[in-house]
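Each step along the sequence shown adds one to the number in numbering that gives the first Met the number 0, with nothing skipped, and position 327 is 326. See below for the structure under consideration.
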Amino acid sequence: MRLAFISHNRCGLNPGGLQRQIRSTKEALERMGHDVVLWNPWDGVERGAYDVAHFFSADHTLLPVHEAFSEHGIPTVLSPVLGTGTLGSVGQRVRRSLALSRFPLYQDLSRVIALVQEADVAVALHETEQALFELYGRSKAVVRVPNGVADVFRHGRPENGRLLAGTDDYYLHVGQFWPNKGQRWLIDNWDGVAADLVLVGQAPVGQAAYYGGCQAAAEGRRVRFLGGFPPDSMDLADLYAGARALVLNSQSEVAPIVINEAFAAKTPVVMPEHLVSDRDRSPDATFTYGNRESFRKALANVVGTRTERPCTTWSDVAGMLVEHYEAMKR
């Protein structure tokens with residue numbers, strides 16, 4: 000099959016979870032012999048040029064692109080990547096926007112809703128995202144395909160991870176330095192934790208000041224900055240394997256790939272309770288966002304815990320998608 004993968008322009012500039020989802024899925028499909036094109040708007044759309052167009056992100060700028068593919072008779076799949084940090088707040092925002100969509104302020108969200116409604120097939124990453132489709136008025140086919148994980152994370156070497164971290168006892172945080180990721184709060188509330196906090200990640204464009212603030216706040220504390228590591232690298236797998244736990248502190252997420260990586264590495268996961276989106280991806284311990292005491296209790300609850308979790312590989316993901324692509328062609 001010849002497939003077009005499409006997302007908003009910002010995705011190409013941000014080496015975060017969405018870009019990794021797209022690239023990893025693309026590589027797995029290509030290993031199966033399929034032709035996957037990262038579509039460029041300058042290439043235009045021609046009837047018969049692609050068997051299926053797969054849109055990643057229900058970004059409002061993609062609605063006219065979707066209309067162009069549909070008008071040329073090309074079946075469309077949408078992985079909307081809806082923010083599911085707090086289902087209630089998202090639902091309220093959707094209902095409010097629907098009621099007030101005549102105002103320009105809500106034009107962008109009304110386009111997002113239209114895109115979710117019009118795609119031939121919508122792909123949910125987990126049960127919470129699937130539940131959101133009802134709020135968006137989705138009535139067409141909905142399937143669930145989770146994110147995957149590279150096999151390398153099953154083979155991490157704890158001793159190498161501790162050497163890379165520069166400490167024998169540490170908690171790990173993996174993610175770009177954004178205020179939404181909450182690294183600064185972790186640093187400010189790390190005093191008294193009897194282990195190091197190891198931060199893996201870089202500051203994307205526009206976040207140098209936030210990164211600098213984190214570094215300044217970390218002075219005199221048991222906090223280490225390791226910078227970025229190539230995705231799916233052995234070094235990153237080693238860091239997971241050597242950690243007491245992976246710690247997340249985001250205000251909002253969709254389906255963090257780092258959780259899959261931790262599960263594959265048998266590394267416990269600690270994160271705010273509002274980020275739990277799927278019973279199959281339940282963390283080892285949760286805490287109330289912004290509550291220091293709750294956070295400390297969560298850290299204490301994972302000591303010595305290393306449980307094997309079922310993990311979906313990117314090849315599994317590609318296989319599931321191909322089944323849906325083939326069904327659309329018939």
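Glycine residues also receive a C-beta, built at the ideal position from the N, C-alpha and C atoms.
Among the candidates LEU247, ARG137 and ALA149, whose CA atom is the shortest distance from the CA of ASP315?
ALA149
From the DSSP output, in three-state form, read off ARG305 for me.
coil
Apart from the five residues just before and just after ASN13, which ones in its own chain have a Cβ nearer than 7 Å to its Cβ?
PRO203
Exposed or buried, MET270, counting other C-beta atoms within 10 Å across all chains shown (16 or more means buried)?
buried
Okay, do the region 162–182 and the region 226–242 touch, 3+ Cβ pairs below 8 Å being the bar?
yes
Contact check, ALA57 vs VAL115 under 8 Å by CB: the rounded distance?
5 Å
Could you check what DSSP says for HIS33 in three-state terms: helix, strand or coil?
coil
Would you decide whether LYS25 is buried or exposed? Buried here means 16 or more other CB atoms lie within 10 Å of its CB.
buried
Within a Cβ cutoff of 8 Å, which residues of the same chain sit near ARG143, ignoring the five residues on either side of it in sequence?
Hits under 8 Å: VAL122, ALA123, LEU124, HIS125, GLU126 and GLN129.
Taking only three categories from DSSP, how would you classify ALA216?
helix
Excluding sequence positions up to five away, which residues of its chain have a Cβ less than 6 Å from the Cβ of LYS265?
ARG305 and GLU307
Distance check for ALA215 and VAL331, CA to CA, integer angstroms please.
Here the chain covers residues 0 to 329 and nothing more, so residue 331 does not appear.
Where DSSP assigns a beta bridge to GLY226, which residues make up the other side?
VAL199
Which of the three DSSP states, helix, strand or coil, is assigned to HIS7?
coil
Along the chain, which unbroken stretches of the alpha helix (DSSP H) at least 4 residues long are found entirely within the region 103–151?
The qualifying runs are 106–117 and 126–134.
Return the first residue and the last residue of the alpha helix (DSSP H) that LEU171 is part of.
Bounds of any alpha helix (DSSP H) do not take in LEU171; it lies within the beta strand (DSSP E) bounded by 169–173.
Can you give me the start and stop residues for the alpha helix (DSSP H) that PRO63 sits inside?
62–70
Determine the closest residue to LEU37 out of PHE4, GLY15, SER23 and PHE68, with distance taken between C-alpha atoms.
Residue nearest to LEU37 within the set PHE4, GLY15, SER23 and PHE68 is PHE4 (criterion: CA-CA distance).
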